[in-house]
Every structure is written in structure tokens, then in C-alpha cells.
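Q:
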Amino acid sequence: MTRDAEKSFLVTWRIENYDFCQSTIRSPSFFIDSAKGNYFFELTPKSLLRKDHVVFQVQKEVRDSFQICFKASFSTDDSSSPLYEGYIDMNTGLSSACYVPHSQVYARKRVGFLPPKTLTIRCKICKIKGSFSEEGRCFARTRIRVIKKAFIGFVEGFSYLTSDEWKTLTIKSSSTEKDFFKIDLTVGGDFCCKEKVWIDIIPKQHERFKYGKCELFLIDTLGIKTKCGRAEITVGHKEQKFPLDFTRGFLLKNNTQLLPNDTLTLKFEIAFSSGVEYEEIEDSEFGDLGFFDTNRSKFTSALEDLTSLYENGMLCDAMLQTKTELFGAHKVILSARSSVFRSMFTTDMKEKETNIVEIEDLDGNTVRRMLLFMYSDKLEDLDWESAKDLYFAANKYNIASLTHKCSNLLVSSLELSNCCELLHLADMHHDGDLVAKVQEFIAGCCEEIFRSEQWLNFEKCDPELALKTLRAVYLGN
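See below:
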């Protein structure tokens, strides 16, 4: 009997607000009747032994001689299939660990990786020798509590601040937010950071504060807010100061607009975790579950059936023709997924008569990927160039969900060398959301980008967009 065919215990553990988890988190305990014992999971977001790894452990509450093994898979709400699968033998010890690379379950960002908002772990537990007497499964949910606060801070006499002086902000709030944090500000720094404005956010209620994220906005004389910084806040780290995007010199130069009465006004939007607020076993089943699994495997989903029609070319009533290839498709699917195709087949256009859509500006691989997504909601692995081509196709045919996914893929691959290219592409398609995300990336490393050869060429090719981006980065408009 193969291991996949053996009776097992399947645990699904869903962790909500996982992006606010910075320390080891434990699942609710579950009882495996066939193993006569209680077990639980532990997850550590950042391994101390292996850089950029998550540590996942299956733990026994009491040491015994029962030998088990487990296969764990990790997925997110944005993934249609597991992002990582690992197999571990667990002998007579109390625990056994599986190390999961951040690169496989987290999204890439400019520096490091970005954890998902929700992480789902499916763990299949089996005996090393033989099989459980019966099958079982359970569903566990853990939710990390996230508190959101917003308040205004003032620094009077800003122009008189010196580099050796920290000034505590005066907090204006309609509730008790000011009791959570102490916020200090200074100016200056070392030679490389001359003229920087530095913020230090210190949690006051350590027992309630685990980890936080902060976004800062500069408020001008008209009450318009401009994003000017972001930071992560942790407990127990002495050095947590971070710089604003605007220098002291820039603020003083524009003091009429930005420093009324020599007062700097900042808005703080902080979200922080205060620990686990919910953890329960929500569902469980025991007994012979093979009947359900066997029958479930006999049936395909609606998406699988639709994809099969496309892949096998059955009952096609429309054709998509590129310069080199011809693709069969179904009008009803194309029309349901794309308003552009719907217009072609329902209004007085030539495609309604010929049932052929001529596509001269897309290659065969891009059309194939576009059709696969329209039928299955799945994307093949995309590199930068293929993601750009597919983004262009999604915009051309107004496939909103595909545009969104391609946009996220492109943003996650942003680098200094390609940000100008993506900025131009987003502007060409009037994609304001994507333009804003690229400009936000540029703001995070503006000095390096604005001095680069790519940016100088970009200014020559598209001076209007370059000027808009400069204004967005420095003035917020």
C-alpha cells in the first residue's frame, strides 16, 4: 500500500492576519484517536537557524513511542495551488521541524519578502509503519487581533530643532490613541543622512503590543495629506528610528505651505497586533472517509470541465487568429470574461459574422496564456516580459481580473532597472492604481533612481510623465 493510500489524519490550519505575526504561534490542540494522543502545530515566521525561512513543527503534548510522519503544504488566498510541499519523519521525539523558504510562500518586495495576509497549512499525518485504524480530519482557525489607530502629531518651533535634540510630538486625538505610543522627532544624522528628519515610535503598553506597521502623512496648510514615510514597529529593539521622505531643507524651503507658524503637522496611521484573538477547532470528521475522497476524485469541477472543452477544442464556435497561430474558443466564455469580446459577438461588428477575431499585436504564447486564464482562472509561471505582454492583452480586451493579477506580478518584480518601463506601461493604459504603486516604489529609493541613466533617458522620452512623478514623490500631487 502506498503512503498516499494509507489512512491518515488531515489537519487544515488557517492563520488570519498572518502578516502581523512576528513570533512563534501555536495552533489549537487536536486529538488523533488512532494515535491516542494530543498534537499541535507551531509556526515561527523567521528561523534563527536558517535565514529567510519559516519553521513549521508538529508537536506532541506527551512523549510516547508512536512514530508518525507528516506532509505539509502551504498556500495563500491568492494561490490556486500549494506554494510549498514538504515531507518529514517524526520519530519518538516530541517534535520535528520543516523549514520553508520565504521565497516560496511570501511575495517578493524590493528588499526581502512580504508575508501574506492569510496563510493556510494543510498537514497530512500518517504512521511511519502501517496505517491508522481510521481516517480523520479537522479544520483549525487562528486569528491575530489587529488594532488600527490614527492621530495627528505636532512639532512646534521646527526650524529651531538641532541634531542633538529629540522633541516629543504633541498628540491630538479624539480617543485614547495617545496612550499607546510616545513619538519623538529629530533632524540631521551622519554625513550620508544629513538634513534627514527622523521619527522614533515607542510603544507604551508593551503587554498589548506585539508588532505594528505605520504610515505617515504630511499635512499642509490646506489640510491636504501627502504620504511621507512608513515603518515597522517592534518591541524590545533600542534603535527603531526611521526617516521621513522629505528632508529638513525641503520643509524649510516650502515653509509657507508645509510649516505654518513654524509647526510641522504629521498624521500617523498605525495598525498593530496585540496577540491572538481567536483560536478554535471549527470542524472535525472521523471514521471511514475514503468513500468521500474516492467519490470526490471521480468528479471534476466546473472550471476543470470548461478548461477541458478549450484544451480539447470541443464545440468551438469562435477562432482567435494571430500572425502565426489559430486558437479555437467559445463565444459564451469569451463574452462572459471580456466586455470587448462581448461587443464583438453581440453588436454589428465583423467578428459577429465571421466568428474570427484577428489579433496582430499579440504573439501566440500570450494569447494561449490569456485563453487559459479565461477558462481556468489560472496563470502559468510568468517572467517579466511575458507578464508585461499578458498585462497588455488583459487591458486590450478588458479582462479586469487578469489585469489585476498581472499588475501584482509586475509590482512584485519591480527593480531600479525596470521601474521606468513599468511606469510608462501603466500610464499608457491609464492604470492609475499601477502608476501610484510604481511611484510609491520610486519614492522609496528616489535619489538612486533620479540619478540613474534609465531615469535620464525616461525624462527625454516622456518628460510630462517624469514631471508628474517628481511632483508625486516630492509634493504628493
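If you read the sequence shown in the working numbering, its first letter stands for residue 3, the second for the next number, and so on. All C-beta atoms, glycine included, are put in the ideal place defined by N, C-alpha and C.
Compare the beta carbon distance of Y20 and P117 with 7 angstroms and say whether it is the shorter of the two.
A: For Y20 and P117, yes; Cβs fall inside 7 angstroms.
Q: Quick check: F76 and V60, are their CB atoms within less than 7 angstroms of each other?
A: In this structure, V60 does not lie closer than 7 angstroms to F76 by Cβ.
Q: May I ask you to verify whether the region 405-420 touches the region 356-374, counting CB pairs closer than 8 angstroms and requiring at least 3?
A: No contact exists between the region 405-420 and the region 356-374.
Q: Give the list of continuous alpha helix (DSSP H) stretches no shorter than 4 residues that lie fully inside the region 203-276.
A: The region 203-276 contains these whole alpha helix (DSSP H) runs: 250-255, 257-260.
Q: Just the C-alpha distance for I226 and E87, rounded to the nearest angstrom, thanks.
A: In a straight line, the C-alpha of I226 is about 48 angstroms away from that of E87.
Q: For the alpha helix (DSSP H) that N40 lies in, which residues bound it at each end?
A: Looking at the DSSP string, N40 is not in any alpha helix (DSSP H); the run it does join, the beta strand (DSSP E), is 39-46.
Q: Between A1 and F270, how many whole angstroms is the CB-CB distance? I'm expecting something under 8 angstroms.
A: Residue 1 is absent from the structure shown; the chain starts at 3 and stops at 479.
Q: Within the same chain, show all residues whose beta-carbon is closer than 7 angstroms to that of A389, passing over the 5 residues directly before and after it, in chain order.
A: C408, L411, L412, listed in sequence order.
Q: Hey, out of H332, Q323, Y162, R344, whose CA is closest to L261's CA?
A: Looking at the Cα atoms, Y162 is the closest of the given residues.
Q: According to DSSP, simplified to helix, strand and coil, what is V60?
A: Note: V60 maps to strand in three-state DSSP.
Q: On the DSSP bridge list, what partners appear for A109?
A: DSSP output for A109 lists L116 as bridge partner(s).
Q: The alpha helix (DSSP H) that contains T349, what's its start and end?
A: Note, T349: premise wrong, no alpha helix (DSSP H); not H, not E.
Q: Is the CB-CB distance between L187 and I204 below 7 angstroms?
A: Taking 7 angstroms as the Cβ cut-off, L187 and I204 do not qualify as a contacting pair.
Q: Counting along the chain, where does the beta strand (DSSP E) carrying R139 start and finish?
A: Segment 137-158, the beta strand (DSSP E) holding R139.
Q: For I130, count neighbouring Cβ atoms within 10 angstroms of its own Cβ and tell me buried if that reaches 16, exposed if not.
A: I130 comes out exposed.
Q: Going by DSSP, name the residue or residues bridged to W15.
A: Partner(s): I123, A142.
Q: Consult DSSP for S165 and reduce its assignment to one of helix, strand or coil.
A: Residue state, collapsed to three classes: coil.
Q: To which residues does DSSP link S414 through a beta bridge?
A: Paired residues: none, contrary to the question.
Q: Just the Cα atoms here: how many angstroms apart are S286 and E136?
A: For S286 and E136, the distance between alpha carbons rounds to 13 angstroms.
Q: Among the candidates T120, S25, C216, L85, whose CA atom is the shortest distance from the CA of I149?
A: Of the listed residues, the one whose Cα sits closest to I149 is C216.
Q: Spatial neighbours of A142 within its chain, please: CB distance less than 6 angstroms, with the 5 preceding and 5 following residues excluded, ordered by chain position.
A: Contacts found: W15, S29, P30, I283.
Q: Please work out which residues of its chain come closer than 8 angstroms, Cβ to Cβ, to T405, disregarding the five sequence neighbours upstream and downstream, and give them in chain order.
A: Cβ within range, chain order: Y393, A396, N397, D433.
Q: Which first and last residues belong to the alpha helix (DSSP H) in which K184 is found?
A: Element bounds for K184: not the alpha helix (DSSP H) but the beta strand (DSSP E), 183-189.
Q: Measuring CB to CB, does I401 end up less than 7 angstroms from R453?
A: Not a contact, by the Cβ cut-off of 7 angstroms.
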